[in-house]
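First residue of the sequence shown? That's 10 in this note's numbering, and the numbers climb one at a time after it. Virtual Cβ for every residue (Gly too), placed ideally from N, Cα, C.
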Amino acid sequence: MAEVSVVIGDITTLAVDVIVNAANEQLFAGGGVCGAIFDAAGYEWLTASCQQIGSCPTGSAVITPAHGLAANGVRHIVHAVGPIWDLDDGEGEEVAARLLDAQLAGAYRSSLELAGAAGARSIAFPAISTGIFGFPAERAAEIAVRTCVEFDGDLDEIVLVAFDEPTLTVLKEELEVKQSKDLSS
Ligand code: AR6
Numbered sequence: 010m011a012e013v014s015v016v017i018g019d020i021t022t023l024a025v026d027v028i029v030n031a032a033n034e035q036l037f038a039g040g041g042v043c044g045a046i047f048d049a050a051g052y053e054w055l056t057a058s059c060q061q062i063g064s065c066p067t068g069s070a071v072i073t074p075a076h077g078l079a080a081n082g083v084r085h086i087v088h089a090v091g092p093i094w095d096l097d098d099g100e101g102e103e104v105a106a107r108l109l110d111a112q113l114a115g116a117y118r119s120s121l122e123l124a125g126a127a128g129a130r131s132i133a134f135p136a137i138s139t140g141i142f143g144f145p146a147e148r149a150a151e152i153a154v155r156t157c158v159e160f161d162g163d164l165d166e167i168v169l170v171a172f173d174e175p176t177l178t179v180l181k182e183e184l185e186v187k188q189s190k191d192l193s194s
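In structure tokens, the structure reads:
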């Protein structure tokens, strides 16, 4: 099982084998962490790799070379598409929310599997879907932590990267809760 940790900072500065991008289905360069990753990797190179793949469904991920991020020791970028939190109030909302939960877990799991299959030992994730896509931070943190802690593939290190203090706090809390639950079971 990989060791899961939580840090605060800019994911594009980390020296890990795989950096995860919070992508969109079209794999276009966007804002948020996606914009930062395209800038750091080289907009034209990464756009060319993404357009060669074409698209990626929500809840899944694809893998490209790291291009300019190779200067930090990064080998691959995984582009994970999390769900957009666009629920209407009312009947059926909880059922719809659980579908979005499953898609977010799928985005994390696909990323971990792709990284493992590419021979990576370490991977860093941003808080997928919690920015422009509007997924509630605490709910997303629980899913991120659970999916990473329960992953039993061949990786040594999984880093969950917060870009602000509130996200750091919820990720740390969820990791503590999950680890203490696992110890007592
Ligand atoms: N390092 C680490 N985390 C970051 C960084 C950074 N440099 N910059 C932002 N974050 P978002 P989403 C955090 O909006 O919600 C794009 O246009 C940010 O504070 O980047 O999945 C894509 O192309 C937040 O906690 O991703 C898609 O169209 C987290 O990263 C769409 O936005 C995710 O926020 C994806 O939206």
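Take alanine 146 and list the residues in its own chain whose beta-carbon comes closer than 8 Å to its own, dropping the five residues that flank it on each side. Counted from its first residue, the sequence shown places residue 146 at position 137. Hits under 8 Å: Ala136, Thr139, Pro175, Thr176 and Val179.
Does the pairing of the segment 88 to 97 with the segment 106 to 113 give three or more beta-carbon distances under 8 Å? yes
Helix, strand or coil at glutamate 166 [DSSP, three-state]: As a working mapping, residue 166 is identified with position 157 in the sequence shown. Strand, per DSSP.
Is the CB-CB distance between valine 13 and cysteine 157 below 8 Å? Indexing the sequence shown from 1 puts residue 13 at position 4. Indexing the sequence shown from 1 puts residue 157 at position 148. Closer than 8 Å, so yes.
For the alpha helix (DSSP H) holding glutamate 12, just list the boundary residues, first then last. The residue given as residue 12 occupies position 3 in the sequence shown. Per DSSP, glutamate 12 belongs to no alpha helix (DSSP H); it is in the beta strand (DSSP E), 12 to 17.
Bridge partners for alanine 171 per DSSP, in chain order? Here residue 171 refers to the residue found at position 162 when the sequence shown is read from its first residue. Partner(s): Ile17.
Cβ atoms of isoleucine 167 and alanine 24: under 8 Å apart, would you say? Walking along the sequence shown from the start, residue 24 turns up at place 15. Walking along the sequence shown from the start, residue 167 turns up at place 158. Result no, Cβ atoms of alanine 24 and isoleucine 167 do not sit closer than 8 Å.
Apart from the five residues on each side of it in sequence, which residues of its chain come closer than 7 Å, Cβ to Cβ, to aspartate 161? To locate residue 161, count along the sequence shown from 1; it is residue 152. Closer than 7 Å at Cβ, skipping near neighbours: Met10.
DSSP beta-bridge partners for threonine 73? As a position in the sequence shown, residue 73 is number 64, starting the count at 1. Answer by DSSP bridge pairing, in chain order: Ile86.
Sequence-distant residues of its chain with Cβ nearer than 7 Å to proline 74 (five each side left out): Taking the sequence shown and counting its residues from 1, one reaches residue 74 at position 65. Only Ser58 and His85 meet the Cβ criterion.
So if I measure from each beta-carbon to every heavy atom of the ligand AR6 and keep distances below 6 Å, which residues remain? Here the list is Asp19, Ile20, Thr21, Ala31, Ala32, Asn33, Gly39, Gly40, Gly41, Val42, Cys43, Ala45, Gly91, Pro135, Ala136, Ile137, Ser138, Thr139, Gly140, Ile141, Phe142, Val170, Phe172, Asp173 and Thr176.
Restricting to Cα atoms, I'd like to know which of Gly39, Glu102, Ala153 and Ile62 is closest to alanine 133. On the sequence shown, residue 133 is found 124 positions in, with the first residue counted as 1. When each option's Cα is compared against that of alanine 133, the closest is Ala153.
Beta bridge counterpart(s) of isoleucine 152 as assigned by DSSP: The residue labelled residue 152 in the question sits at position 143 within the sequence shown. According to DSSP, which records beta bridges pairwise, isoleucine 152 is partnered with nothing at all.
Unbroken stretches of the alpha helix (DSSP H), 4 residues or longer, contained in the segment 47 to 73: 52 to 62
Beta-carbon proximity check, glycine 125 vs leucine 164, cutoff 8 Å: As a first step, residue 125 is located in the sequence shown; it is residue number 116 there, counting from the start. As a first step, residue 164 is located in the sequence shown; it is residue number 155 there, counting from the start. In this structure, leucine 164 lies closer than 8 Å to glycine 125 by Cβ.
When burial is assigned at 16 or more other CB atoms within 10 Å of the CB, is threonine 21 buried or exposed? For this step, residue 21 is matched to residue 12 along the sequence shown. Burial call: buried.
What does a CB cutoff of less than 8 Å around arginine 130 pick up in its chain, not counting 5 residues either side in sequence? Sequence index remark: in the sequence shown, residue 130 carries index 121 (1-based). Correct list, in chain order: Asp26, Leu164, Asp165 and Glu166.
Given this structure, state the Cα-to-Cα distance separating serine 69 from serine 120, to the nearest angstrom. Indexing the sequence shown from 1 puts residue 69 at position 60. Indexing the sequence shown from 1 puts residue 120 at position 111. Looking at the two C-alpha atoms, the distance is approximately 7 Å.
Indicate the three-state DSSP secondary structure (helix, strand or coil) for asparagine 30 in the structure shown. Along the sequence shown, one-based indexing puts residue 30 at 21. Asparagine 30: strand per DSSP, three-state reduction.
Are the Cβ atoms of glutamate 34 and cysteine 65 separated by less than 8 Å? As a first step, residue 34 is located in the sequence shown; it is residue number 25 there, counting from the start. As a first step, residue 65 is located in the sequence shown; it is residue number 56 there, counting from the start. Yes, they are a contact pair.
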